[in-house]
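Asker:
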C-alpha cells in the first residue's frame, strides 16, 4: 500500500479507537459526512479492527475502549457476531464451491451415469428426472428475468429515468425522477422489483447480471449497476450491449460526481464511459444505443465538435425514430455552442 | 435531550435549498449526509443513531433562518458541529442513567451449541453460493489464513489480480458487505 493510504488508515484506526484529539476528530467527521469513498475506507479499516478485536490483537486498553464504542451499538454487535462467524467457518470452505449445475451440465452428468451404471433403466429414468427438473428450473429462472425486464419496460414506458440510453428499453421521454409518473407504472415497478429480487436469489448468469444491471440503472443505483455489469462483462467479454450499459452507469455516475464538485472522480467515470463505449462499438459498430450514448458522452463533456459529428453519425444510422428527435435537438445545441 | 420542535415543510425546503439549489441534488445530498451521520453516531457507540441524526437535522433547520445569509462554508461543517454537541448531551444523559451490565465480548473461547454452529455454517454456505463465482473465490481466499502470513497471502492475491493491496481490501469489503446482509437475513439478526 502506498504511504498516503497507510497514513489515512492509521488516522482512521485512531479515530475509531477514540485516540484522536477533538479537533482532528471533527475534521475526520466533516469529511466522513460528505465523502463516500473516505467513509468506505473507514469501513475497511473497521473490518480489520474488528478482526483484530476478535483475535485479541488489540492492547487491553484498546480492547476495552472499542467494546464501549462501536461494539456497544446494535450495528457494532451484529458486525462483531458476523465477524466471529466468518472467522470460525470460512477456513473450512474451499474457494471454489461447486456451483449449481447448468442444464447442459445436468444432461452431461445424466448421460455419464447412463453409460457407467449397470442398471441402465434406472439411469435413464434419473436422466429424465434431472432433465425435467433442469428444464423447469431454467423456465422458472427465465420467467423471472422476462417478467422483470418486461415490467421495467412497461414502468418506464412513458418517462425514462436516465438521459442515456439503456439497451433494449424502448423510447420514453427523459424525466429526472426515478419514480414512474403514474400509479399503474408504480405497480409495474413493484412487479419488476420483486422479479429482480427473486432473480438475485437464483444462480447469477450473464443474462441475469445484465438484467439486474439494467434494473439498478433505472433505480440510479450506479455502484450496484457497475458491480453487476462488470461481473457480466467478465463472463461475456464480446457482448456489446453489456459494455454499452456499463458505459451508461459510468456516464450517469460521473455526472453526479461532477454535480457534487467531485471533478476528479467524475473525470475517471467519464473516461471509463468512453472506454466501454469504444469496446462496445468495436464489437458492434452499428449498435444504436452505443452510438447514441457516445454522442451524448461528448455532449455531456462539452466536446462540441465530436458531439456534432457523432450525432450526425447516429442520425444516419437511425434517421426516423423518437430518439432521433432528441438527437436533432442535441445536435442543434452542439452546433450553436461552437459558434460562441 | 430531544426537543419537541418539528420542522414545517417550508423549513425543510429551506434546509434542502441550503444543501443545494438544485432540488434533486439537494435530496440526494440530504440522504447521503443522513446515512453517513448515522454511521458516525454508530461508531461513537450510540444506541439511537437514527433519532440523534434526525434531531441534528431538526436543530440545524431550526437555526437556519437566522444564519443562512451570514454562514459561509460547507453545510457539513455546521451539521457536524451540531451533531458533536448533541452527542455530548447524549453521553451525559447516558451517564445519568443506571449503567447496564456489560457483556463481555472478549471471551471468544465459549463454544456455541452444535445446532447453532450448523445453522451458521449452513447460512454461510447458502450466502456464499449467492455470490458470483469470482466474488466467492475472492472473499474466501481473502479471509482464509494460509500457512504464510495473512499479509503475504493478500499481497500475492493482489499481484495475481493486477491491482493494489488497498483496491483488493475495498473489493473484499464490498463483497463482505453483501455477504453480511445475506447472513443477517439468514440468521435472523
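Chains as they are written, first to last, in this note's numbering: chain A, 2 to 341; chain B, 669 to 857.
A virtual CB, placed ideally from N, CA and C, is assigned to each residue, including glycine.
State yes or no: is the beta carbon of residue 808 of chain B nearer than 8 Å to at least one beta carbon in chain A?
Answerer: Chain A, which has a Cβ nearer than 8 Å to the Cβ of residue 808 of chain B, makes this yes.
Asker: Between residue 190 of chain A and residue 156 of chain A, which are expected to be in contact by the criterion C-beta below 8 Å, what is the C-beta distance as a whole number of angstroms?
Answerer: With 8 Å as the limit, residue 190 of chain A and residue 156 of chain A qualify as a contact, their Cβ atoms being about 4 Å apart.
Asker: In whole angstroms, what is the alpha-carbon distance linking residue 318 of chain A and residue 289 of chain A?
Answerer: Rounded to whole angstroms, residue 318 of chain A to residue 289 of chain A spans 7 Å at the Cα level.
Asker: Taking the continuous alpha helix (DSSP H) assigned at residue 77 of chain A, which residues delimit it?
Answerer: Here the alpha helix (DSSP H) through residue 77 of chain A covers 75-90.
Asker: My parser needs the alpha helix (DSSP H) runs of 4 or more residues fully inside the region 704-751 of chain B; what are they?
Answerer: Counting only runs of 4 or more, we get 717-735.
Asker: What does the alpha-carbon distance come out to for the pair residue 789 of chain B and residue 807 of chain B?
Answerer: One C-alpha to the other measures close to 16 Å.
Asker: Name the chain B residues that come within less than 9 Å of residue 77 of chain A, Cβ to Cβ?
Answerer: Within 9 Å Cβ-Cβ: 710, 711 and 713.
Asker: For residue 843 of chain B, tell me which candidate among A:310, A:36, A:66 and A:228 has the shortest Cα-Cα distance.
Answerer: Taking only the C-alpha atoms, the option nearest residue 843 of chain B is A:228.
Asker: Between which two residues does the alpha helix (DSSP H) harbouring residue 93 of chain A extend?
Answerer: First-last for residue 93 of chain A: undefined, no H or E at that position.
Asker: Report the start-end ranges of each alpha helix (DSSP H) in the region 220-258 of chain A that is 4 residues or longer and not cut off at the edges.
Answerer: Whole alpha helix (DSSP H) segments, 4+ residues: 223-236.
Asker: Considering residue 680 of chain B, what are the terminal residues of the alpha helix (DSSP H) in which it resides?
Answerer: First-last of the alpha helix (DSSP H) with residue 680 of chain B: 677-687.
Asker: Using a beta-carbon distance cut-off of less than 7 Å, what residues from the region 740-768 of chain B approach chain A?
Answerer: Result list: 744, 745, 747, 748 and 752.
Asker: Would you verify that the beta carbon of residue 681 of chain B is, or is not, closer than 8 Å to some beta carbon of chain A?
Answerer: Not one chain A Cβ lies under 8 Å of residue 681 of chain B.
Asker: DSSP has residue 160 of chain A in a bridge; who is on the other side?
Answerer: Paired residue(s): A:174.
Asker: Tell me which residues share the same chain as residue 332 of chain A and place their Cβ nearer than 6 Å to its Cβ, disregarding the 5 neighbours each side in the sequence.
Answerer: Only 312 meet the Cβ criterion.
Asker: Identify, in the order they occur along the chain, each residue of the same chain with its Cβ nearer than 7 Å to the Cβ of residue 223 of chain A, setting aside the five sequence neighbours on each side.
Answerer: Once the five neighbours on either side are set aside, the close Cβ partners of residue 223 of chain A are 250, 253 and 254.
Asker: Three-state secondary structure (DSSP) at residue 292 of chain A?
Answerer: Helix.
Asker: Check whether the region 74-92 of chain A and the region 721-736 of chain B are in contact - that is, three or more C-beta pairs closer than 8 Å.
Answerer: No, the region 74-92 of chain A is not in contact with the region 721-736 of chain B.
Asker: Identify the contact partners of residue 41 of chain A in chain B, using a Cβ-Cβ distance below 9 Å as the criterion.
Answerer: Going along chain B in sequence order, the residues near residue 41 of chain A (Cβ under 9 Å) are 838, 841 and 842.
Asker: Hey, how far is the Cα of residue 159 of chain A from the Cα of residue 175 of chain A?
Answerer: When rounded, the distance between both Cα atoms is 9 Å.
Asker: Out of A:315, A:306, A:326 and A:81, which has the shortest C-alpha to C-alpha gap to residue 340 of chain A?
Answerer: When each option's Cα is compared against that of residue 340 of chain A, the closest is A:306.
Asker: Whole angstroms are fine: how far does the CA of residue 327 of chain A sit from the CA of residue 824 of chain B?
Answerer: Looking at the two C-alpha atoms, the distance is approximately 50 Å.
Asker: Does residue 226 of chain A get closer than 8 Å to chain B when you measure Cβ to Cβ?
Answerer: No, residue 226 of chain A lies away from the interface with chain B (no Cβ there is under 8 Å from its Cβ).
Asker: Considering only the alpha carbon of each residue, which of B:794, B:677, B:703 and B:698 lies closest to residue 849 of chain B?
Answerer: Of the candidates B:794, B:677, B:703 and B:698, the one whose C-alpha sits nearest the C-alpha of residue 849 of chain B is B:794.
Asker: So, are the CB atoms of residue 230 of chain A and residue 240 of chain A less than 8 Å apart?
Answerer: In this structure, residue 240 of chain A does not lie closer than 8 Å to residue 230 of chain A by Cβ.
Asker: Where does residue 169 of chain A sit, in a helix, a strand or coil, going by DSSP?
Answerer: Coil.
Asker: Going along the chain, which residues of its own chain have a beta-carbon closer than 7 Å to the beta-carbon of residue 753 of chain B, five neighbours each way excluded?
Answerer: The answer is none, since no qualifying residue turns up.
Asker: Pick helix, strand or coil for residue 764 of chain B, following the three-state DSSP scheme.
Answerer: It is helical.
Asker: Is it buried or exposed, residue 35 of chain A, if we count other Cβ atoms within 10 angstroms and call 16 or more buried?
Answerer: Burial call: buried.
Asker: Against chain B, with Cβ distances strictly below 8 Å, would residue 37 of chain A count as a contact?
Answerer: Closer than 8 Å: yes.
Asker: Could you tell me whether the Cβ of residue 334 of chain A comes closer than 8 Å to any Cβ of chain B?
Answerer: Not an interface residue.
Asker: Output yes if chain A places a C-beta closer than 8 Å to the C-beta of residue 674 of chain B; else output no.
Answerer: Closer than 8 Å: no.
Asker: Within the 8 Å Cβ cut-off, does residue 707 of chain B reach chain A?
Answerer: With 8 Å as the cut-off, residue 707 of chain B counts as an interface residue toward chain A.
Asker: Nearest chain A C-beta to residue 701 of chain B closer than 8 Å, yes or no?
Answerer: Closer than 8 Å to some Cβ of chain A, the Cβ of residue 701 of chain B qualifies, so yes.
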